[in-house]
Each structure stands twice: as structure tokens, then as C-alpha cells.
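Novice:
Protein chains: 2
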Amino acid sequence: MKASILIQTALASGSLGLIYALLTAIRISRASEGNEKMQALAAAIRAGVNAFIKREYLAIFVAATLIYLLLLTYIGLWSAIGFVIGVTSAALTAFLGAIISVRANVRTADAAQQGIKQAAATAFRGSFATGALVASFSLLSVTLSFLAVKSLAPLSSLAPEEEIFRTLVGLIFGGSTVSVFARIVGGIYAKSADVGADLVSKVESYVPENDARNAAVIADSVGDHIVDNAGLSADLYETGTIALVAAMLIAGTSFGTESPWVEFPLLIGSIGVISTLFAAACTRLAGKRQRIIAALYRGALLASLVSAGALFPASDWFSGLSLIQPALSAPTITAIGSIGLTLTWLIIGITEYYTSKGFAPVKSIAAASESGHATNIITGLSVSMKSTALPVVAVIAAISGAYFLGGGFSASTGTGLFAVALALVAMTSQGGVIAAIGAYGPIADNAASISEIAGLSEETRNITQSLDAAGKTTKAITKGYAICAAGLAALLLFSEYAHAFSTRTFDLVNPAVLLGLFIGGLLPYWFGSLLLTAVARTSGRIVEETLAQFRDIPGIWDGSTPPNYGRCVSIATRSAILLTLAPILLLIATPVAVGALAGREALGGLLIGTLVTGLLQAIALTSGGGAWDNAKQYIEGGMYGGKRSLSHIAAVTGDTVGDPCKDTVGPAIAPIIKIVAVVALLTLIWVPTQIA
Amino acid sequence: MKASILIQTALASGSLGLIYALLTAIRISRASEGNEKMQALAAAIRAGVNAFIKREYLAIFVAATLIYLLLLTYIGLWSAIGFVIGVTSAALTAFLGAIISVRANVRTADAAQQGIKQAAATAFRGSFATGALVASFSLLSVTLSFLAVKSLAPLSSLAPEEEIFRTLVGLIFGGSTVSVFARIVGGIYAKSADVGADLVSKVESYVPENDARNAAVIADSVGDHIVDNAGLSADLYETGTIALVAAMLIAGTSFGTESPWVEFPLLIGSIGVISTLFAAACTRLAGKRQRIIAALYRGALLASLVSAGALFPASDWFSGLSLIQPALSAPTITAIGSIGLTLTWLIIGITEYYTSKGFAPVKSIAAASESGHATNIITGLSVSMKSTALPVVAVIAAISGAYFLGGGFSASTGTGLFAVALALVAMTSQGGVIAAIGAYGPIADNAASISEIAGLSEETRNITQSLDAAGKTTKAITKGYAICAAGLAALLLFSEYAHAFSTRTFDLVNPAVLLGLFIGGLLPYWFGSLLLTAVARTSGRIVEETLAQFRDIPGIWDGSTPPNYGRCVSIATRSAILLTLAPILLLIATPVAVGALAGREALGGLLIGTLVTGLLQAIALTSGGGAWDNAKQYIEGGMYGGKRSLSHIAAVTGDTVGDPCKDTVGPAIAPIIKIVAVVALLTLIWVPTQIA
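Those protein sequence lines, which keep their order, are chains Y and A. Numbering of the first sequence is given in this note's numbering, commencing with residue 1 and proceeding in unit increments. Numbering of the second sequence is given in this note's numbering, commencing with residue 1001 and proceeding in unit increments.
1. According to the neighbour-count rule (16 or more other Cβ atoms, all chains shown, within 10 Å of its Cβ), is Y/K288 buried or exposed?
2. Use the C-beta contact count for A/Q1617: other C-beta atoms within 10 angstroms, 16 or more gives buried, fewer gives exposed.
3. With H, G and I counted as helix, E and B as strand and the rest as coil, what does DSSP make of A/D1507?
4. Any Cβ of chain Y within less than 8 Å of the Cβ of A/L1616?
5. Is Y/K2 buried or exposed, if buried means 16 or more other CB atoms sit within 10 Å of its CB?
6. Count the other CB atoms within 10 Å of the CB of A/A1670; is the residue buried (16 or more) or exposed (fewer)?
7. Between which two residues does the alpha helix (DSSP H) containing A/V1425 stretch?
8. What is the C-beta distance between Y/A489 and Y/K674, in whole angstroms, given that I count them as a contact (C-beta under 8 Å)?
9. Could you pull out every unbroken alpha helix (DSSP H) segment of at least 4 residues lying fully inside the segment 1598-1667 of chain A, listed in chain order?
10. Suppose you measure from the CA of A/V1178 to the CA of A/L1058; what does that come to, to the nearest Å?
11. So that I know if they touch, is there some Cβ in chain Y lying closer than 8 Å to that of A/P1562?
12. Using the Cβ count rule (16 or more neighbours within 10 Å means buried), how would you classify Y/I26?
13. Where does the unbroken alpha helix (DSSP H) through A/K1363 begin, and where does it stop?
14. Taking A/T1460 and A/S1449 to be in contact with their CB atoms under 8 Å, please state how far apart those CB atoms are, rounded to whole angstroms.
15. Once the 5 residues before and after Y/T474 are set aside, which same chain residues still bring their CB inside 8 Å of it?
16. Within 8 Å (strictly less), CB to CB, does A/H1648 reach chain Y?
17. Which residue spans inside the segment 1453-1523 of chain A form an unbroken alpha helix (DSSP H) run of at least 4?
18. What is the rounded straight-line gap between the Cα of A/L1587 and the Cα of A/G1520?
19. Does DSSP put A/W1078 in a helix, in a strand, or in coil?
20. Taking 7 Å as the limit between beta carbons, can you name the residues of its chain near Y/M639, skipping five residues before and five after?
21. At the 8 Å Cβ level, is Y/D507 part of the contact set with chain A, yes or no?
22. Using 8 Å as the Cβ pair cut-off and three pairs as the minimum, do the segment 413-422 of chain Y and the segment 114-130 of chain Y touch?
23. Answer yes or no: does any C-beta atom of chain Y fall closer than 8 Å to that of A/H1225?
24. Can you list the residues of chain A that Y/V612 reaches, using a CB-CB cut of under 7 Å?
25. By the 9 Å beta-carbon criterion, what residues does the segment 1570-1593 of chain A contribute toward chain Y?
26. By Cβ distance, which residues of its chain are closer than 6 Å to A/A1012, with the 5 residues on each side in sequence left out?
27. Could you compute how far the alpha carbon of A/Q1690 sits from the alpha carbon of A/A1159?
28. Could you run through the segment 65-79 of chain Y and flag, in chain order, every residue whose CB is less than 7 Å away from some CB of chain A?
29. Could you check what DSSP says for Y/P442 in three-state terms: helix, strand or coil?
30. Between Y/G528 and chain A, is there a C-beta pair that is closer than 8 Å?
31. With the cut-off set at 8 Å, would you say Y/D507 and A/F1409 are in Cβ contact?
32. Using CA atoms only, rank isn't needed, just tell me which of A/N1229, A/G1471, A/A1335 and A/T1613 is closest to A/E1190.
33. Under 6 Å Cβ to Cβ from A/L1072, same chain only, skipping five residues before and after it: list those, please.
34. Whole angstroms are fine: how far does the CA of A/L1607 sit from the CA of A/A1677?
35. For Y/P361 and chain A, any beta-carbon pair shorter than 8 Å?
36. For a minimum of 3 consecutive residues, which ranges assigned as the beta strand (DSSP E) are wholly contained in the segment 385-415 of chain Y?
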């Protein structure tokens, strides 16, 4: 059977990715952890990450059990099973990534004592282990669920295609649940810890920012892994699975569930895993200047080129198989896939333009800082609003291009939607590499903190600091990619939603559709406000606790007694979970309630409303935040009076405002968009039996 | 003929409103202008307003001539005629209102020497003259255009209903053109002058904010009339005409063009004019505490009650006429109208809640100011995002309620859309009163500045200052009302658009609709960014000019030579126009281009996309700005350390950031939403002959 070759390929390449991750993890754990002080710090960070994940996963477990029971009762066994697979894979991706990350940090610091090449190699290893996990788990979880339901569905009373649909939607719902927690709870935790640690060093001005006596300092280092490793991984894992599932379901609709095209997206996913491993093998410092960012970008570009290069032979081989309807030729598929890969680089380029020091937007914010806090903020807001245009236009252009190539405008073929899905699968097949770039950040950041706190030699500290600087500039890019890919994924889910409900249309003239559109449009605003407030409250609690420790634990000042780092981690974790558990459940309940009360047309409107305002708000907040951050760094580089000038003070204000925008609210909107779309699909299965 | 009774009523009440405005203007101009110094200041402000309007109207004239020729060439004579009527009425409304306003200001200051009662009476007179102009001009321009086209259309080669449609759409396009200029150019001018004058007094710290030697001070006073009188008037005039036109067109579709229901909306408009005059007669200080805001609110509430009370007898009388299909009973119409009136007060209440010192949102921003600039801004952003939810929910509830009462959910009657239009007409029939509340602001503000600069007695200055304080709190409310009414108006235009194009649907599954939705969604972001930048640049030019005058004109310092106020006005005007003329034309061209290139479905999507993100962004920016402003004032009232404390400095930053948001960007979005909808309707007339 031809299909099984594709599935075998997917299983093989997914397993290869996991084996790479495992071997890399072993190799990392064998490296030296450095001196005792470094080991103690690393142990504290590790304990913090474990404590956070334990509590967060408890919250996820509670929510997931509730959802599992609801799925079992109202939708059926297969969705529930898919859900469990999704929750487990997403949780494992995030957890294993973080575990490797908290081991690579201190080893990178130690390797820095031998030179930048060794340090970078260790950091890259840790990052690509995470990348391989993301790419492999999304491919494997979809392949295995599909294989299981396909083998066992004939035993069920429902039609096999219905069971496949339910299982795969359950699967992505599982991923969404973990991802929404990871981005929201993790985002609040990490930012609060960061702000808290900063504020303490400002209040107690004799304590430097990175000082072992500051009880919040470990919570801050922990937060980096939580947000840039675990949060990003879960998010990209989710988008990867949604892309594969959407493409497979659309193929089933267009060509029939038995068509080999249903399994074709898994082939692109397999290429993605292999290209990630290829990039992992080739990413190293090169040239005289040994620039780290250049190395990371070179690796990512290589992955894209490998993917693009493999597309033609793979689709040519595929279309040579018998049983294939010649709906799309190999050159067309190659062109469609290249659109997805190009979109990845367009988004990277646009994000670079709006957030990096080399271009006009950031420079204009830096210049505006000369006239004070308010002009810095106003200019930042202006950049933030303007930054939405190009990414949205790029996404629209990519959709239109793929749709056109797929013959979407021609009534005779009509596989345009499948083409858009393939373009997205090609884009998300780069999710592993993007996750690696993102995961590099916390490793380098921790390495810099550890070598500073542990007092390593200045030479070593310079090396870890240059590693850290590179990590800071790549952050914005991973977010831009995650948001645009999530938007596309949600759009495809909407198509699937609309298709599954083909008896009526989502006409904007219908008041129910408009009602849904407005309520959906509100969600990102409402959630944004909630998250900003949660960060402010949680960071306040961390400052209180840290100052209380200075007061109550006698030996902290002279360094004889270490502060209770764990309490800060625990307070931030508890606060983040308590402030968001109810809103997250409410978020999941909103589409269900709208669907049940106002009908399925309203639900379709809601999905699109959340997508439109969510995409714009998410881009505006992350790009704006990144621009503020880099405007401050630009000034710190000596422009407009440099550090400690009035411009710098104003730029610090902008950076502080931008921080929760870019690290908490903006990234959290992507999973919000996706979970609304996934829940809408599930509601669709449930609602027909309830209302007309 | 029954119809003519309604038209006669409309003509009579519209004329009554104009007569009231004229008599009031005469009465105001006969009052004393005070001493020589006051007269000189008032003359300078008057000259500034004239200079601004002259230039702005020149720009409007150029743009309008271009549009007129395009309409004449591509659409036909009747649209072009309607357009001219619309431009003229809107321009007259704004111009006459401003003329009265710049005469009432100094007379209010003079009357303040006799007591608060006399001062308030003069200010109220000036405000209600503007209110009467807004209510009367929108009613009269629609009635006259309708009458003219109805009498002359039989001479045309097209069907009469087609000519009526084209004329009325041309009419509202005329209003939209003026309103978009008034809000955008006026908003940039006013805010730049305000910021410029403030900055000068900060740079030259020996010049107080209101000082005759500051060349920007007159430009600042001029700006208040431009934005809160002329800008608001044009905006509300436009929304009023759109509501009437939409209701009449929808009635024509539902009941046939010859049905008396087509003219029924004019009856509600007439009630609106009469209730405005009623409020004008009854608004005066009362009670022991002589609170000005209470007097204004009492007047507005009275107008709503009069309107609500008149609805039943009026519709009962109307439905007693022969020829009327009993589609809607008198009690139903009364209920529908009351929904519109209730919505007005709901929006007022919600805006109060989010922007006034008495409630949690503003207090939370004030409290956050204690920890500095950044927390002030973050909390303000959080309030700003949260403030979008209730107004949108209120608008949705009002639409659903009216739609339900109109039998929208029942297939047998199907007049739900007309009911929504009637609710909006009832809401916009209060536009006169809201314009009066808004127009009160610049009169009181100028009166305070004039008495301060002219050095009137402390007692007088206290009176004018308490008048001014009241004016500041009412500003936010007029904006909230203007935005929500504009949103509703655009929604009705979309229904009309969709109806006129009934062969296809605006299905969200259609890629063209989605493309339009995203491009439309971008517009408010893109324009918002552009306006923020324009304010920053223009205010910079004003500061330069003012400082140059201090340097170059020898007698300014000792007060022997007055500065050249006119140059500041002229620089700000020119800069505002030059920076926005091209973008405004681009804004008007966007729907045409999307319609012509991507089709009419894409244009429908564009309209809704602009509406959804525009409504949310406009509410967020105006409420957020208002909240920042009042948080500063709350602290100035002695909380958190009071004036000159660190909290106050942080709150000033928030206020400065909020200023262009609430006074320029937010209010400009309402006409942007409307003009996109109007141009879409016009494009619809043009496109069918071009593409399929």
C-alpha cells in the first residue's frame, strides 16, 4: 500500500529526530558543569524550572481531565483519545526541551572558559535538541493518531472519515490546551519574575541586577526557559500539528479520505524534520568574525534550502506512484511549498526591520527618547501600529499565491485550499529550526547570568555576554513567525469548519455572523488587558517577597545565607496560575457558549473576528515591544548620550512598557487564536445535535 | 399627499433650529466683549480660527472638486449634486458653529465678572447654537436633497429609486469628505498646537503655560474650536445624515420607494431638533451647588425624555395615516426608538466609568503612577484595552434588541434591519445635544485662558476655571458617542451595500472577502500610526517657530511687542494639511481600488474589517487617553503626593501619551470607518459596469 510508505517515512524521520534529541541530551549532560558555585546556581535554576512545571502541569492536568470528561460525554471516545495524545505530546515537547535547556546553560558557561567556539557549540546543541523535539513530536503525534484511528475506526459505529476527523481535532485540541497554558501562565510567570528582579535591584539600589543575594534572580532565570523554550515549543508544536491536520482533512475533502494525498502532508513534515537535523549538524561559528547570529541564520537558511530542494524530488516521486490523481504536478507543489518557505523568511525580514537597531523604526524611537518618556512611548506606539501592515500583506500574498497555484480560482480543479494548507505545512516544517533559534535565548542568557554571578573571568564573561546579546535579537523573530503561522493555521481551521458545515454560509449580512465577529474581535483586547494586569500584580508580589527576605533572613546581606529562591518561584507560579486558570477556562467556554446560544454562523464569525484583531494586536504588541527594547540598547551603545543620559532613562521606560507587551500579551494571542478555532471545530461536532 | 406632511414637518423644524441658532448668534454678538486686552486676545483667536478654516476649506475645496469631477464622469449628475449639497452643509455646520464659538468665549469671560450664572448662560448659549446647527443641517440637507431628487428624477433616464439612491449616497459622501478632513487635519492641528504650547513653556521655563508672550498660545486656543467644535460638528452632522439616509434607503427596500415609511425617519429627525431646542431652553444652573456638568447632563437627559415621550404620539399619528402598511405598530416603534436613546446613555455611562476620576479604572492608573512612568503607561494600556468590551456589547445588544422588535428573526415580517436603522436615527437625533455638550468645551476653555492672560480678578478666574473643568470632563463622552454612532452607521451602510448587491454573498469562506477583511482591518492601524507621527512632527515645528520668535523679535520678553501668533497658526495648519492630504485621498482611493481589482465581495469584507478593528481601536484610544488625563488630574487633586510629586510626573507622561490618542487618532477613526463605507457604496454603482 502506497500510503504506508509515507507513514513509514514519517515515523522513521520523527524517530530519527527524537534519537538526535536524546543523544544530544546525553552528550550535554556529560559535559562539565564547572565549579561548585556554578553548579549550585544551575541546580537552583533547575529546581525552579521543575517546581514551575510541576505546578503548571498540575493545573493543565486538572483542566485537561475536565475537558477529557466533557469530550468523552458529549463527543465520544476518539476525540478524547486524540486529546490525550495531544496533551501528552505537547507537554512532553515543552518539558523535555526545558530539561535539556536547564542543563545546557551552565555547561555553556563552563565551555566559555575554553573559548567562544566551544561555548556556542554547547548552546547550539541545547537549542537544536529542542528544535528536533518540536519537529518530531508534531509529526509523530499526528502520524500515530492517524495510523491508530485508521486501523481501528472500522470497529466504530461512525463512518471512518468521521472518526478520523474527531480524533485529529481532539489531538490538536490537546496541543492547544497545553500551548495556551504554556504561553499564558508561562508568559505571566516569566515577565513578572523579570520585572520583579529588576524592581528589587532598583529599590535596593545596593543590590546589582544579577546578584545571588536577590531572591528573585533565580526566578528570573527560570522564566527564560519557561517562556522562550517551553512556551515557544508548545506553541510551535501546536501550530505544526494544526497545519498537518488541516492539510490532511482538506485533502480528504478534496480527494476523498482514501486518497494518498491525505498522507502527503506527512511527507513535507518528514522533510522538515530532516532539514532541522541537517541545520543542527551545520550550525557552527564560521568566518573571522565568528558572529553568532550569522551562524543561527545560516543554519535556518540551510534548512529552508534543503526543504525547498527536497520538495521537487519528493513530490515527483509521490506523483509517480500509482493511485494518484494528477491534481497537482510536482513543479506546482514545489512552487507552493516554496511560497511557505519564502513567507517564513519574509516574516523574519519584516520583523528584523521593525525591531532591530539597524533600521529606521528603532532609530526613530531612540531619537524620540531625547525629548523624554512621553515622546518615546508615542513613537513606539506609532511604530507598533505601523508594523502590522507588511506581515499581514505578506500573509495575504502567500495565501493568494498558493491559492492561485492550486487552481483555486478555476472551477475545474478547485484544490486551492489544499494548496494553501500545503504552503502552511511547508512553513511550519521550519518550526523546528525556529524553535531552536528561540531556545538558544535562555541558554545564552543563563550562561551570562551564571558566569556573572559566579564571578568567572572577565574574558569568559565577555564571551557569554556576546552569546546573550545574540539571543536577545533572535527573540522577536521567533514571535513574529509563531504569530503569522498561528494566524494561517486558524484560517485553515476556519475553512475546515466552514466546509464541515456546508449547508449554510457565513454571510456578513447575517446578524449572527456579525455578532460573532464583534465578540471574537473583543477577545484579544480583553485577554490583553487581563494579562497586563496579571503581570503587574504578580511582579508586585515578587518584589514584596524578595524585600521581606532581605528583612527577615539575617545572613543574606553578607552572603553567608542564600536567599530562599524557591519561594519566589513558587509565589510567581501560584499567582500566575490562579490569575489565569479561570480566564483560560472561560476562553475555552466562549466559543462553545456562542455556538450553542447564537448558532454555528455566529461561531464562524467569532473565529474570524478573533483572527483579525488577534493577528493585528499580536503583531503590534510584539514588534512594538521589540522596537522599544532595541531602542534602549541602541542608546546604550552610545547614541543620544548613551547610558545614564536622559534619553536612556526615557528609553528604559519604553522598554519596561514594551516588555509585557512583547513577552506576555503578544505571544499569548497566538494560542488564543488557535484554541478558539479548535474549540469551534469541536463545538460543531457537538452543536448539531443540540440546535438547528 | 401624506408624505409631504412629513417633509413639511422636517423642513419646519429644521428651519426652526436654524432660526434659533441665528437669533442666539445675534444675542451673543451683542454682549460685551470686555476690556481692550480681552478684545485683542479674542480677535487673535478669531483670526486664527478664520485662517485655519480658510486653508482647510481650500484643501477640502481642491479634494471636493476632484471628487466632484470623478462623480460627474463615472457615476452621474445626481450623485455629484448630492455631493455638493453634502459638502456645503457639512462645511457650513462646522464653519458657523466655530464662528459662534469664537464669539462666545470672550463674552463668557466677561460675563463671569458678573457671576457664574451669567457666565454659564453665555457659554450654554454658544454651545446650543452649535447643537442646533448640527441637528438642523443634517435634517434639512437630507430632506431637501430627497425632495429635489423626487421632484426632478422623473426627468432622468434612470429609474427614480436609482436616482434617489445615487443622490443620497452622494450627499453623505459630501458630509464624509468634510468630516474626514475636519477630524484628521483639525485633530492634528489642535493637538500639535496644544503640545507645542506646552513644550515651549517647559523649554523656556520662565514662560508660564498661558502667557501672552508664548506665540503658540493662540494657536492652542484656536485648536480647541477646531477640534471640539468644528471637528465634532462635522462628524456628528455626517453620522446624522448617514443614519437618516440609511433608514430611508432601507425603508425603500423593505416597503417600496413610494411608501410613507421612507419619509418616517425624517419625523424622528424632526423630534430630535425640537428636543435639542427644548434642552437649549432648559439648560441652566440650578440648585445650591450650581454644578455645571449636572446642568449639561440635565439638559441632555431632558432632550432624551422629550424625544422618547414624543415617539409614541408621533408614530401613533403616523400609523393612523392611510396608505401605511402596519409593519410596525406605534408601541413597537416607541420601543425601538427608546433602544437608540438608551444606547446613547449607556455609552455615556460606560465612558464616564472608564474615564472619570470617581471610578476604579482611573484610580488604578493614578495608583500605578506611584511606581513610575512605565507602570502608569502599562496600567493605562490595560484600561484602554479593557474599555472596549462594554461599549461593543452595548451596541450589539441594542442591534439585537431592535432587530428582534422589528421581527428580524421572523421570516414573515423581516423588517428587522429597518428597526435597527430607526434605533440609530433615534440615537443620532440626540446628536445636536451631544454636539452642544462638546461645543461647550472650547468656549469654557478659552474663557479661562482669556481671563488668565488678560489678568481678570481672581474671583472671575475661579469662575472661568470651574467652567473649564466641567468642559474637560464632557469631552470623553462626546467622543464615545460619536464613535459608537459612527460604527452603527457604517454597519447600516454595509447592509445597504450588501442589499444593493444581492446576487452574491459575503461569505467568509470566500478568499476575496477575507482579503478585504484583513486589508480593511489594517486601515485603522496604518492611519493611527500616520496621525501619531504627524502630530509629533507638527508640534516640533511649532516649538521651533515659537522659540525663534523669542530669539528674533526683540520686544517679546518685556511684553512691549506681541508675538506673531498668526505664523504659529499658519505653520501648524500648513503642516497638518500637507502631511494628510495625500493619505486622505489614498484612504478614499483604497475602497475603489479594492472594489475594482478584487471585486465587490472583497470590498464588503474591507468595509467590515475597517469597522471591527476601527471601532475597537477608536474606543481603546479615546477611553485610554481620557483615563490617563483624569488620572493626572486625580493626582493633582492631592492624591498620591499631589502636584509636583513623582507620581504626578509619571501621570504627566501618561497624559502626554494619551493626548494624541484621545484627541487625534481615536476621533479620526470614526470618519475613517464611515468614509470607507460610503465610498464602498459609490464604488458599487461604478464597478458593475467595469468588472463582473
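Just so you know, even glycine gets a beta-carbon here, dropped at the ideal spot from N, CA and C.
Specialist: To lay it out plainly:
1. Here residue 288 of chain Y is taken as the residue at index 288 of the first sequence, counted from 1. Exposed, by the Cβ-count rule.
2. The sequence position of residue 1617 of chain A within the second sequence is 617, counting from 1. A/Q1617 comes out buried.
3. Against the second sequence, residue 1507 of chain A aligns to sequence position 507. Reduced to three states, the DSSP call for A/D1507 is strand.
4. Working through the second sequence from its first residue, we reach residue 1616 of chain A at position 616. Yes, contact with chain Y.
5. In the first sequence, the residue the question calls residue 2 of chain Y occupies position 2. Low per-residue confidence applies at Y/K2: pLDDT is 43, beneath 50, and the placement is therefore not dependable enough to give any value.
6. Residue numbering aside, residue 1670 of chain A sits at position 670 when the second sequence is read from its first letter. Buried, since its Cβ has 16 or more Cβ neighbours within 10 Å.
7. Reading the second sequence from its first residue, position 425 is the one you call residue 1425 of chain A. From DSSP, the alpha helix (DSSP H) with A/V1425 extends over G1416 to T1428.
8. Residue mapping note: residue 489 of chain Y aligns to position 489 of the first sequence, counting from 1. Residue mapping note: residue 674 of chain Y aligns to position 674 of the first sequence, counting from 1. That pair is a contact at about 6 Å.
9. 1600-1636 and 1646-1660
10. As a working mapping, residue 1178 of chain A is identified with position 178 in the second sequence. As a working mapping, residue 1058 of chain A is identified with position 58 in the second sequence. Each residue's Cα considered, the two are about 11 Å apart.
11. Here residue 1562 of chain A refers to the residue found at position 562 when the second sequence is read from its first residue. No, its Cβ sits nowhere closer than 8 Å to a Cβ of chain Y.
12. What you label residue 26 of chain Y is simply residue 26 of the first sequence in a count that begins at 1. Label assigned to Y/I26: exposed.
13. Indexing the second sequence from 1 puts residue 1363 of chain A at position 363. Start and end: A1360 to S1369.
14. Position 460 of the second sequence, counted from the first residue, corresponds to residue 1460 of chain A. Position 449 of the second sequence, counted from the first residue, corresponds to residue 1449 of chain A. Wrong, their Cβ atoms sit about 13 Å apart, outside the cutoff.
15. For the purposes of this step, residue 474 of chain Y is taken as residue 474 along the first sequence, with counting starting at 1. These residues qualify, in order along the chain: I293, L296, I437, G438, Y440 and G441.
16. Residue mapping note: residue 1648 of chain A aligns to position 648 of the second sequence, counting from 1. By this cut-off, A/H1648 is not an interface position.
17. 1458-1500
18. Looking up residue 1587 of chain A in the second sequence gives position 587. Looking up residue 1520 of chain A in the second sequence gives position 520. Taking the straight line from one Cα to the other gives about 11 Å.
19. Position 78 of the second sequence, counted from the start, is the residue given in the question as residue 1078 of chain A. In the structure shown, A/W1078 sits in a helix (DSSP, three-state: H, G or I).
20. The residue labelled residue 639 of chain Y in the question sits at position 639 within the first sequence. Result list for Y/M639: A366, in chain order.
21. By 1-based counting over the first sequence, the position of residue 507 of chain Y is 507. Yes, its Cβ sits closer than 8 Å to a Cβ of chain A.
22. no
23. Position 225 of the second sequence holds residue 1225 of chain A. Taking Cβ atoms only, chain Y never reaches closer than 8 Å to A/H1225, which makes this a no.
24. One-based indexing of the first sequence puts residue 612 of chain Y at position 612. Those within 7 Å of Y/V612 in chain A are L1517, F1518, G1521, G1609, V1612 and T1613.
25. none
26. The count along the second sequence starts at 1 and reaches residue 1012 of chain A at position 12. Around A/A1012: no qualifying Cβ.
27. Within the second sequence, numbered from 1, the residue matching residue 1690 of chain A stands at position 690. Within the second sequence, numbered from 1, the residue matching residue 1159 of chain A stands at position 159. For A/Q1690, the predicted model reports a pLDDT of 42, less than 50, meaning its position is unreliable and no value from the coordinates is stated.
28. none
29. Your numbering for residue 442 of chain Y matches position 442 in the first sequence. The answer is helix: DSSP assigns Y/P442 an H, G or I state.
30. Numbered from its first residue, the first sequence carries residue 528 of chain Y at position 528. Taking Cβ atoms only, chain A reaches closer than 8 Å to Y/G528, which makes this a yes.
31. Taking the first sequence and counting its residues from 1, one reaches residue 507 of chain Y at position 507. Taking the second sequence and counting its residues from 1, one reaches residue 1409 of chain A at position 409. Not a contact, by the Cβ cut-off of 8 Å.
32. On the second sequence, position 190 is the one that residue 1190 of chain A refers to. Per the sequence presented here, residue 1190 of chain A reads as Ala, with Glu not at that position. Of the listed residues, the one whose Cα sits closest to A/A1190 is A/N1229.
33. Along the second sequence, read from residue 1 onward, the residue named residue 1072 of chain A stands at position 72. If we look at A/L1072 and ignore the five residues flanking it on each side, its Cβ neighbours are A1080.
34. Here the question's residue 1677 of chain A lines up with position 677 in the second sequence. Here the question's residue 1607 of chain A lines up with position 607 in the second sequence. Cα to Cα, A/A1677 sits roughly 6 Å from A/L1607.
35. Position 361 of the first sequence holds residue 361 of chain Y. Answer no: the Cβ-Cβ gap between Y/P361 and chain A never drops below 8 Å.
36. none
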